[in-house]
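Taking my numbering, the leading residue of the sequence shown gets 629, the next gets one more, and so forth. This report refers to the structure that appears directly beneath it.
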Amino acid sequence: MFGNTHLDGIAPPLGELVKPDLPPARRFGARGWWRFLPAAGVGVFAVGVLCFYGVSVRDVAVFAAYLVLAVLLPGVLLVRALYRRRRTLVEELALGLCLGYALEVFAYIGARAVGVPLLVLAGPAAVYTAFVGVPALRRHWKGGPRLRAPLWWSCFLTLVAGYLVLWSAVSFFRGNALVWPALANSYLDVPFHLALIGELRHHMPPTVPMVAGEPLSYHWFVYAHFAASSWITGIDPIILLLRLGMLPMMVALAVVIGMIGRCLSSSWAGGLLAVIGTIFMAMPNLYQGIDVGVFTLKPVQSWLSPTQTFGALLFAPIVLFFIDFRRLRHDRGAWALLGIFLAAVMGAKATYLPLLAAGLAAVVVVELARRRKLCLITLAVLGATMVCIAYAQLVLFGQARLGMSVDPLSLTRINWGGLTGRDSAAASTGSLLGIAGLYLWSWTLEWAGVLGLLTRPRLLLRPPVVLMLGIGVAGLGAMLMLGHPHRSQLHFFWACYPYLAVLTAYGLVVAYRRARLSRRTVTLVTVAAMVTVFLVRWLWGMAVPLGPGQAETLLHRPYAALGVVIAMAIVAFFLVIRRRPVVAGTLATVMVTAMGLPAAWSTRIVSPVFAGPRDSNATTPSTVAASAIPEGALAAGRWLREHSRPEELIATNEHCRWGSTEPCDSRQFWVSALTERRVLVEGWAFTPSNYARWRPGLIAELQPFWDDALLKTNDAVFRSPSPTSIQELTGRYGVRWLFVHEGLIGAGPGIGAYAELRFRSGDYAVYHLAPSG
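If you want it as structure tokens, here you go:
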């Protein structure tokens, strides 16, 4: 099948897939209304899914109108005026949405600071006024010359958008309800996100709402966006967080990643492969049983981490602009956009900034080695990045580490414990290095397509390629070298993921062009690779965690077996195709890369669509027993939100997660989440002060509160209320409300003897405290 005669006589059959950015030969009715039908169909499907999962048609319509008029359209107008690269309409809309989000956050910060949150609408109004009143800007209402995408590209993006809606519904919506008590069984970070949205709705600058006075040393720009959208639309933050807010971000991210891949490779195929690699590629999980750590891919698009998704979306245009390396030299508009997005990423997800700095530093080194001179453009972008890093660390985050520390191979230690079922502390250095070796081997399989660039070695020295390689190496290195009590070093891994996927797509396109393979050959090799991984997992896959008496060396068995199969296949390629080493190498690269496709094994991307979430490591709700959820929490919280002022402080006797009181798991955030008010002391797990005391080997959420006197003063009101304890709260700390879980207090003098009962629902009561004096 792979004889020389067959391969030598083949012309590239992919046609338009690998051509540079040229319009297709046929217009397919460019002015026909029917070309919008696929997008409209996905829109109808999304509305149906959202309504099925509890969102009203009114909320969907209002949110759509807000997104278009207050975020998307102002952003599109500014992109048209400032960024002159040719692009499709969909790409223009995605970039406009990115810019609209960034500008909305900055506008809201100012509006909230002066106490008029709806003043955020002055931003879109100013844009509309300028583009109507300034003659030179009016032409941008019509747009300019656009790049016409092939029909198959538009269909592909439509399918991706539909998949993201379906994936969101099955893997997240189904397990995270909007109504109580099912809402309390949502993923455990949901109340934390809701509490921060409530904080940003009412305060600027924000602090940690769960422990009054604690600084908010966290990436909080996405919560400013949710707060702004809630003020503008009147939609409850729960609906924005759990249903509406993330979908447009994920679709726009896929479009921009596709644009990056297309621009880098000058090929629509490069864009397609970049999107596939970003959304669908996974490390080959050859284990059977539970999914552990890095061997279970957390998608780049994520409902569980709004900061990660928002940061990924705002960071992607920065990489796109750097692909226009020469354009930055003379284009002031591109520089302005670059500055806006750098500042936005600084507060959206500062994790990206050190990775960007590493990539830019790599570009500087390569350029200096090649040309014996420094590139001023790269130095300028690197300087701006370092300024943003310094501001974020010194001002936004107040030099807080939030538990991040240098702890080499800490993640491999955790995953070793999960794979073996043993205490992680017992892992030897050799065991940790062995797991790290599995990571490296899996990454080699996943991103083997980068090796395709070796067919054109000079391409490896292109500044955008060096930038993305630097980002990738820095991200993977940070994941292996850093430690965190909640494995937040994984965010570095997820941050670099799309750009290694883009390089993989670029390498495959370059190798394909050089080897001139047929579509049939590529398809057969891809299918064979996927079937091979399926068979290896079935024949040699290990069930984890290991059982008694099983040696941990067995963990490497399936990956070693896969390595043997790969080696045999590569040798066969080179023996059969002796005179065409480029062809043989390209086939090997395609084969190895295809083993990262999710169709080859069970992952957390595709399988939830058919089977639903199956374990605690997937996008499933937290395991809070239904019997542990007290009645009346939602009603009491909402009553207090409606009958108190934002500046009034609450005290509560809720400090531990329901069902996790012995020992106390301090990830309790529902009081501040439901009331949108600051609490004297609620849960303290994610606060800077708690993280500052954490050391490897400790469990951050089980650490006691650091201010024992304050906690005793707070709890005295609930355990043994008296005029003195009430006076202490009202006079010293300014507490005005008590949010009481009555099931936690014993018999004795009631709080009602010293405070006014204002509301009771189920297990909860709300009391008002008169100001002292």
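Just so you know, even glycine gets a beta-carbon here, dropped at the ideal spot from N, CA and C.
For residue i, name the three-state secondary structure that DSSP assigns.
i	result
F908	coil
F1367	strand
Q916	strand
V742	coil
S1033	strand
I1198	helix
T757	helix
S1389	strand
P843	strand
Y1187	helix
C1003	coil
W1229	Here W1229 scores only 45 on pLDDT, less than 50, and its place in the model should not be relied on; the value that follows carries that caveat. DSSP places W1229 in coil when its eight states are reduced to three.
E995	helix
C1284	coil
A1171	strand
Y1395	strand
E1310	coil
T1289	strand
E1384	strand
T835	strand
A978	coil
Q1331	coil
Taking only beta-carbon atoms, is residue i less than 8 Å away from chain B?
i	result
L1104	Checking the listed chains, one finds no chain B in this structure; it contains a single protein chain.
Are the CB atoms of residue j and residue i within a distance shorter than 8 Å?
i	j	result
V973	G939	yes
R708	G772	yes
A1157	M1223	yes
F950	L844	no
P745	F1297	no
Y1319	R1084	no
R910	G889	Going by the sequence as given, residue 910 is Ala instead of Arg. For A910 and G889, no; Cβs fall outside 8 Å.
D1035	I863	no
Y694	T861	yes
G975	F854	no
M838	W1334	no
V755	L705	yes
G796	L721	Note on residue identity: the sequence assigns Ser, not Gly, to residue 796. Result no, Cβ atoms of S796 and L721 do not sit closer than 8 Å.
A880	V793	no
W1071	Q936	no
I1373	R1347	yes
A1064	L1037	yes
V1368	I1379	yes
V1093	L1131	yes
L1174	T1006	no
C1124	G1103	yes
S858	R829	yes
V1218	V1150	yes
Here's a check: name, in chain order, each residue in its chain whose Cβ is nearer than 6 Å to the Cβ of residue i, leaving out the five neighbours to either side.
i	result
C1292	C1284
S1230	Low per-residue confidence applies at S1230: pLDDT is 46, beneath 50, and the placement is therefore not dependable, though the value from the model is reported in the following sentence. Contacts found: none.
G917	A1171, V1172
R1386	V1394, H1396
G1045	S1052
Taking 8 Å as the limit between beta carbons, can you name the residues of its chain near residue i, skipping five residues before and five after?
i	result
R1364	S1272, E1276, L1277, I1278, T1358, H1396, L1397, P1399
T786	P666, A667, G669, V670
T1013	L970, L981, L984, A985, L988
P1186	L914, Y915, V1164, R1165, W1168, G1169, M1170
A658	At A658 the pLDDT is 46, less than 50, meaning the model places this residue with poor confidence and gives no usable figure here.
G1325	A1053
Under the assumption that residue i contacts residue j (Cβ atoms under 8 Å), give the Cβ distance between them as a whole number of angstroms.
i	j	result
G1135	L1081	5 Å
V1307	T1341	The pair is not a contact, with the Cβ atoms about 14 Å apart (cut-off 8 Å).
L725	L700	5 Å
G761	G728	Actually they are not in contact, since the Cβ atoms of G761 and G728 sit about 20 Å apart, beyond 8 Å.
E842	T1315	5 Å
P736	A852	Going by the sequence as given, residue 736 is Tyr instead of Pro. Right, their Cβ atoms sit about 5 Å apart.
L872	F691	5 Å
G1371	P1258	6 Å
Can you name, in chain order, every residue of its own chain whose Cβ lies under 7 Å from the Cβ of residue i, other than the five neighbours on each side?
i	result
P1249	Summary for P1249: the model assigns pLDDT 41, below 50, so the residue's position carries little reliability, and this model does not support an answer.
Q1027	Q1021
A1383	I1354, L1366, Y1395, H1396, L1397
>> Could you tell me which whole alpha helix (DSSP H) segments of length 4 or greater appear in the segment 1074 to 1154?
In response: 1091 to 1109, 1118 to 1143
>> Give the list of continuous beta strand (DSSP E) stretches no shorter than 3 residues that lie fully inside the segment 756 to 830.
In response: none
>> To test your reading of the DSSP string, which unbroken alpha helix (DSSP H) runs of 4 or more residues are found completely within the segment 1251 to 1282?
In response: 1261 to 1271
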